[in-house]
Amino acid sequence: MNGNGSEANGALAVSMRDVTKVYQMGEVEVHALRGVSVDLEVGGFLVLLGPSGSGKSTLLNILGGLDVPTSGQVLYRGQDLTRADEGELTRYRRRRVGFVFQFYNLIPSLTARENVELVTEISEDPLPAQEALDIVGLADRSSHFPSQMSGGEQQRVAIARAIAKRPDILLCDEPTGALDITTGIQVLEALERVNRDYGATTAIITHNAAIATIADRVISLADGRISRQLVNETRAAASTIQW
Amino acid sequence: MIPALDRKLLRDLWRVRSMGLAIAVVVASGIALLVASLICFDSLETTRDRYYARNEFGDVFANAKRVPRWVAASLDELPGVVRADTRVVAGVTLDVPGTSEPVNGRLISLPDSGRPVLNGVTLRSGRWPDPGRAEEAIVNERFAQGHGLELGDQVFAVINGRRQRLEIVGTALSPEYVYAIAGGDLLPDPTRFGVFWMARRHLATAFDMEGGFNDISLSLAEGAAPEPAIAELDRLLESYGGLGAIPRAQQISHWYLQNELTGLRGMALLMPMIFLGIAAFLLNVVLRRMVAVQREQIAVLKAIGYSNLRLGLHFTQWAVVVSVLGGVLGIALGALMSAGMLSLYMEYFRFPDLIMRWSWGHILGALLACGAASVLGAAAAVKSVVRLPPAEAMRPAAPDTFRVSLLERLGLKRWLTQPLRMVLRNLARRPARAAMSVIGIAFSASIMVLASAAMDSFEELMQLQFNVVQRQDVTVTFFEPEGRAAYYELASVPGVVEVEPLNGASARLRNGNRNRQVGIQALQPDAKLQRVVGADYQPVRFDRTGLILSRKLADVLGVAPGDTLRVEALQGTRPERDMVVSATVDDLMGVSAYMEPEALRRFLSDSATMSGAALGIDPAARDSVYAALKGMPVVAGVALQHAMLENFETFVAENMNNTMAINLLFAMVIAFGVIYNTARISLSERSRELASMRVMGFTRAEIGVVLFGELAILTAAAIPVGLGLGYSMLAGMLAAYETELFRMPLVTEPATFAWASAAVVGAMGLSAAVVRHKLNRLDLVEVLKTRE
Chain A
2 MNGNGSEANG ALAVSMRDVT KVYQMGEVEV HALRGVSVDL EVGGFLVLLG PSGSGKSTLL
62 NILGGLDVPT SGQVLYRGQD LTRADEGELT RYRRRRVGFV FQFYNLIPSL TARENVELVT
122 EISEDPLPAQ EALDIVGLAD RSSHFPSQMS GGEQQRVAIA RAIAKRPDIL LCDEPTGALD
182 ITTGIQVLEA LERVNRDYGA TTAIITHNAA IATIADRVIS LADGRISRQL VNETRAAAST
242 IQW
Chain B
291 MIPALDRKLL RDLWRVRSMG LAIAVVVASG IALLVASLIC FDSLETTRDR YYARNEFGDV
351 FANAKRVPRW VAASLDELPG VVRADTRVVA GVTLDVPGTS EPVNGRLISL PDSGRPVLNG
411 VTLRSGRWPD PGRAEEAIVN ERFAQGHGLE LGDQVFAVIN GRRQRLEIVG TALSPEYVYA
471 IAGGDLLPDP TRFGVFWMAR RHLATAFDME GGFNDISLSL AEGAAPEPAI AELDRLLESY
531 GGLGAIPRAQ QISHWYLQNE LTGLRGMALL MPMIFLGIAA FLLNVVLRRM VAVQREQIAV
591 LKAIGYSNLR LGLHFTQWAV VVSVLGGVLG IALGALMSAG MLSLYMEYFR FPDLIMRWSW
651 GHILGALLAC GAASVLGAAA AVKSVVRLPP AEAMRPAAPD TFRVSLLERL GLKRWLTQPL
711 RMVLRNLARR PARAAMSVIG IAFSASIMVL ASAAMDSFEE LMQLQFNVVQ RQDVTVTFFE
771 PEGRAAYYEL ASVPGVVEVE PLNGASARLR NGNRNRQVGI QALQPDAKLQ RVVGADYQPV
831 RFDRTGLILS RKLADVLGVA PGDTLRVEAL QGTRPERDMV VSATVDDLMG VSAYMEPEAL
891 RRFLSDSATM SGAALGIDPA ARDSVYAALK GMPVVAGVAL QHAMLENFET FVAENMNNTM
951 AINLLFAMVI AFGVIYNTAR ISLSERSREL ASMRVMGFTR AEIGVVLFGE LAILTAAAIP
1011 VGLGLGYSML AGMLAAYETE LFRMPLVTEP ATFAWASAAV VGAMGLSAAV VRHKLNRLDL
1071 VEVLKTRE
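Shown next, in the form of structure tokens:
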């Protein structure tokens, strides 16, 4: 169930082993993850499926260095993230990880381009902001503020912002959750292109099973455990998805 | 059973308790000032009024040279007069054992039988003097305390060159000397001015007043105006060397007390208004934020049937609870403060007993003021609650609209990093709120400036008076105008290095129906010690013929240079003449008219040309000069420059430092209240942005720029505004305090501005530190999950 050594790009970006996560919610212990092992191959496109409460967001947060597991091990290119301190996790996020959220989380006081520059200003070898916007098809909207854009456009700016640093890993939490089908597909196409053209290891969490067809690997989570794993022999194009 | 909505209220209060508390402390500070000032005002006024009534403090006062006793009967006939008392009063030089310096004393006669009726003396210890014994006297309590005099101790009064022994048999207080200050002083000095009461018979003998008197007090019927009595009295005393009667309002002790009460009333109005205004602003900001955060909750409440009125009330209640909490805290604090303030007042104003007074009406007023501030603060937020349509509220709020800020449009854009642009645009998006924050912080700086600049001005007045205007070491005044002989006598005292004759004549200046009794001073054009100095700190040049007036005096009389005044001398042959006002001078102490010495002598047609002298002395010979002055029969009073300076410095050390500390504290409360709330609101509004940035890999320090950059800009903008505001408030205050006794120059030391700025920056640092703690605990995952 873990890393499939026979795949083309065998190198691992991230490797998780027997990860558990227990939250203390008031007087109740919530077991969000109960021993999960997942590998992310370099350049891979992973979809994490599962109902709410299945632990997929926790898994994504641990992958992205926003949270640390209760037990188990997380290695990023051999570096142990479970032992990293606050500063090391910040540097990890800053250099390696791009995030895309369900509710975009753009800075309303900055234009599209400036939102991207927010990241390029603190990165070592970023894409030019304009190029990042070009990739998501928003080159002509670069001087618009978030309040002047549609939800789909805002999410594409968020993707441009996430990829501008040339991340090793692109993590997306329900990126189409707040969008209708047409704009959702535009967003997925952008993610597909980034994965293909720039080789960013991509992981998307969603409860929408239709999206799973564009991944090369699909992991289903239920009750904090991996319930099913699937490798797609051929990836469908985002434009063909229907939901 | 508490209704559910009220439970929500309680939990909301608890949830934002730190902001609520910060606002409550601002309210408490304002109310504490209000209550303390009102308690002091009520207590002092009641104490004074009761004291005046019980001891029958006079309504009109007059001095003359010598009035025969039979005139006394006609005093009762003056318009409105209920009672008239006559006394013998004499200024003397005192020799107090253990003190080398000559001390100014005033001897006041006690009736030969019975006790004084007007200006009743309250015995504090010991007994009344035995009318049969010439040496027995009672002394004012503060002087006895200042010199550590006990019953049975002796001091000596120099009367006509003879040392007259005075034995202290009692200590006393008098309504005439609640504020016991020697003429010409700015501050009372308990060691430099002693009042003694003794049997009339002996005092009259010593001063050639047998069968006569030289001091008159009148009490008037309730509601009677003093002017008719004063006019008649002046006419009556004209042939006896009358020096012009004054109403109670101009009696010096009363004047100072009244001035202080007026100041207290001003403080009771102005300062609390500033504090409550700022509290209303802060309530407004916090409540509006609360409504924004609770949009969906409000919509649900409306959807299930809560009325606009009930919801509006719900949010108003939050503000009312916060400010009433502050109000109650402030009332308690104010009561405590008033005790401290009153004990300080009792140091300077002496009453037999203090009647603590507070009125429930004032307390109720304070609470109503809190209520008004909270309703004012809640109004805008409540309006937005009422206007929120339930369905609209269930949808997430649209992203805030922003624009490129003015600064960036001016071409600074490329110098700004994205976090800095965020800061600028956040500020530009709510200019009114930014402006209010700036004004709030500015007020705290201005209070600081006001507090310490008033001190700067007072110090400048002192330094100007003692180093530029009066450069002598000793000022001597004579009983009667003297001729050249007195000059040579002073000049021949070993240790006296310089003698400058002073000549002043008491006169009444009249312009139509406006008139003032003042001293006309003759000053040598080349005077080195006692000079007339204008606002430019340069000595004034003298015109041979004209009259130069203090600007304040010219204002009071309504004249300008070129106008003519009627001048009536109140001494000698009492000549009268019209004189032209040639100039006005911005002098700072007292009001005077000045003339060239020869012109004054011709006007008075008097050969005696000295009413006193300014002396420069050799510091090494101080004690022998003092001893010589004590023995001179012509000397009525001696003012010592160094004693006035030392007294001033003590006053500053005892009072001003306390006042400064309290003002600093209050200014910090405002600054902290405004900045902390601004920071907390920013944190609440931007937590999502800040969390996003943290997720993207920004460090805590980097996101701190967004949050604290805004505070820094607001504070930086507020400081110059506050310094300017403080300066104008100071100018206004000094203008309001401009009196005929003194005018304070408008000066501010750079250190004052530096201190005020530092205090505001300190408050910002403190707020930032507290908010930083919250920022560090920002839950990244949680913030991102929830929709705003």
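One line per chain: the protein sequences are A and B, in this order. Mapping of the first sequence onto my numbering: residues 2 to 244, in sequence order. Mapping of the second sequence onto my numbering: residues 291 to 1078, in sequence order. All C-beta atoms in this analysis are idealised placements derived from N, C-alpha and C, irrespective of residue type, glycine included.
Interface residues of chain A facing residue i [CB-CB closer than 7 angstroms]
| i | result |
| --- | --- |
| E979 of chain B | I108 |
Closer than 8 angstroms at the beta carbon, the chain B residues around residue i
| i | result |
| --- | --- |
| E118 of chain A | Q708 |
| T202 of chain A | Those within 8 angstroms of T202 of chain A in chain B number zero; the least Cβ separation is about 17 angstroms. |
| S16 of chain A | Result: empty, since nearest Cβ-Cβ is about 22 angstroms, beyond 8 angstroms. |
Buried or exposed (CB count within 10 angstroms, at least 16 for buried), residue i
| i | result |
| --- | --- |
| P70 of chain A | buried |
| N10 of chain A | Model confidence at N10 of chain A stands at a pLDDT of 45, short of 50, so the residue's coordinates are unreliable and nothing is read from them. |
| V232 of chain A | exposed |
| S7 of chain A | Residue confidence is low: S7 of chain A scores 35 on pLDDT, short of 50, so the model does not pin down where it sits. Its coordinate-derived value is still stated next. S7 of chain A should be labelled exposed. |
| V20 of chain A | buried |
| N3 of chain A | Below a pLDDT of 50, predicted positions are generally treated as unreliable, and N3 of chain A, at 40, falls in that range; the measurement from the model is reported next regardless. Per the 10 Å Cβ criterion, exposed. |
| V306 of chain B | buried |
| D296 of chain B | exposed |
| E597 of chain B | Correcting the residue type first, residue 597 of chain B is Ser in the shown sequence and not Glu. By the neighbour-count rule (16 or more Cβ atoms within 10 Å), S597 of chain B is not buried but exposed. |
| L623 of chain B | buried |
| L924 of chain B | Just to set this straight, residue 924 of chain B is Val in the shown sequence, not Leu. The residue is buried, with at least 16 neighbouring Cβ atoms inside 10 Å. |
| N5 of chain A | Any reading at N5 of chain A is ruled out, since the residue's pLDDT is 39, under 50, leaving its predicted position unreliable. |
| V29 of chain A | exposed |
| K22 of chain A | buried |
| L954 of chain B | buried |
Within chain A, partners of residue i - CB distance below 8 angstroms
| i | result |
| --- | --- |
| N716 of chain B | S110 |
| S319 of chain B | Ordered by position in chain A, no residue passes the 8 angstroms Cβ test against S319 of chain B, which lies about 35 angstroms from the chain. |
Contacts that residue i makes with chain B (C-beta to C-beta distance below 7 angstroms)
| i | result |
| --- | --- |
| T91 of chain A | G987 and T989 |
| E115 of chain A | Q708 and R711 |
| S143 of chain A | Per Cβ cutoff of 7 angstroms: no residues; S143 of chain A is ~13 angstroms from chain B at best. |
Within chain B, the residues that residue i reaches when beta carbons sit closer than 9 angstroms
| i | result |
| --- | --- |
| I205 of chain A | Per Cβ cutoff of 9 angstroms: no residues; I205 of chain A is ~16 angstroms from chain B at best. |
| E122 of chain A | T707, Q708 and P709 |
| R95 of chain A | M986, G987, F988 and T989 |
Chain-ordered neighbours of residue i on chain A, where CB pairs are closer than 9 angstroms
| i | result |
| --- | --- |
| S974 of chain B | None at all; the shortest Cβ gap to chain A is about 15 angstroms. |
Check whether the region 504 to 511 of chain B touches the region 372 to 382 of chain B, counting contact only when three or more Cβ pairs, one atom from each stretch, lie closer than 8 angstroms.
Output reads yes: the region 372 to 382 of chain B touches the region 504 to 511 of chain B.
Give the list of continuous alpha helix (DSSP H) stretches no shorter than 4 residues that lie fully inside the region 756 to 804 of chain B.
774 to 781
The region 395 to 410 of chain B in contact with the region 516 to 532 of chain B per 3-pair CB rule at 8 angstroms
no
When the Cβ atoms of the region 936 to 953 of chain B are set against those of the region 736 to 750 of chain B, are three or more pairs found closer than 8 angstroms?
yes
Return the residues of the region 59 to 79 of chain A that lie within a Cβ-Cβ distance of less than 7 angstroms from chain B, sorted by chain order.
Residues passing the 7 angstroms Cβ filter: N62, L67 and D68.
Do the region 789 to 808 of chain B and the region 915 to 923 of chain B touch if we need at least three Cβ pairs shorter than 8 angstroms?
no
Whole alpha helix (DSSP H) elements within the region 81 to 125 of chain A, 4-residue minimum
87 to 97 and 113 to 121
Using a Cβ-Cβ cut-off of less than 8 angstroms, list which residues of the region 37 to 59 of chain A approach chain B; keep chain order.
From the region 37 to 59 of chain A, only S58 have a Cβ closer than 8 angstroms to chain B.
Count Cβ pairs between the region 821 to 831 of chain B and the region 865 to 880 of chain B that sit closer than 8 angstroms; are there 3 or more?
yes
So if I threshold CB-CB distances at 7 angstroms, which residues from the region 1003 to 1019 of chain B count as touching chain A?
So nothing in the stretch comes that close.
Below 7 angstroms between beta carbons is the criterion; list the residues of the region 728 to 739 of chain B that meet it against any residue of chain A, in chain order.
Residues passing the 7 angstroms Cβ filter: none.
Count the CB pairs spanning the region 479 to 486 of chain B and the region 422 to 434 of chain B that are closer than 8 angstroms, and state whether there are at least three.
yes
In chain order, which beta strand (DSSP E) runs of at least 3 residues are fully inside the region 141 to 191 of chain A?
170 to 174
Ignoring anything shorter than 3 residues or poking outside the region 39 to 84 of chain A, list the beta strand (DSSP E) runs there in chain order.
46 to 50 and 72 to 77
With a threshold of 8 angstroms, are at least 3 pairs of Cβ atoms found where one atom belongs to the region 649 to 659 of chain B and the other to the region 96 to 110 of chain A?
no
Using a Cβ-Cβ cut-off of less than 7 angstroms, list which residues of the region 1038 to 1071 of chain B approach chain A; keep chain order.
Of all residues in the region 1038 to 1071 of chain B, only L1070 and V1071 come within less than 7 angstroms of chain A when Cβ atoms are compared, listed by chain position.
Any residues in the region 661 to 672 of chain B with a beta carbon nearer than 8 angstroms to a beta carbon of chain A? Which ones, in chain order?
Flagged: no residues at all.
Within the chosen definition, does the region 696 to 707 of chain B reach the region 148 to 168 of chain A through at least 3 CB pairs nearer than 8 angstroms?
no
Which ranges does the beta strand (DSSP E) cover as unbroken runs of at least 3 residues, wholly within the region 355 to 401 of chain B, from first to last along the chain?
371 to 377, 379 to 385 and 393 to 400
Chain-ordered residues of the region 591 to 618 of chain B with a beta carbon less than 9 angstroms from chain A
none
Quick check on the DSSP output: what are the complete alpha helix (DSSP H) runs of length 4 or more inside the region 879 to 965 of chain B, in order along the chain?
887 to 894, 912 to 920 and 931 to 941
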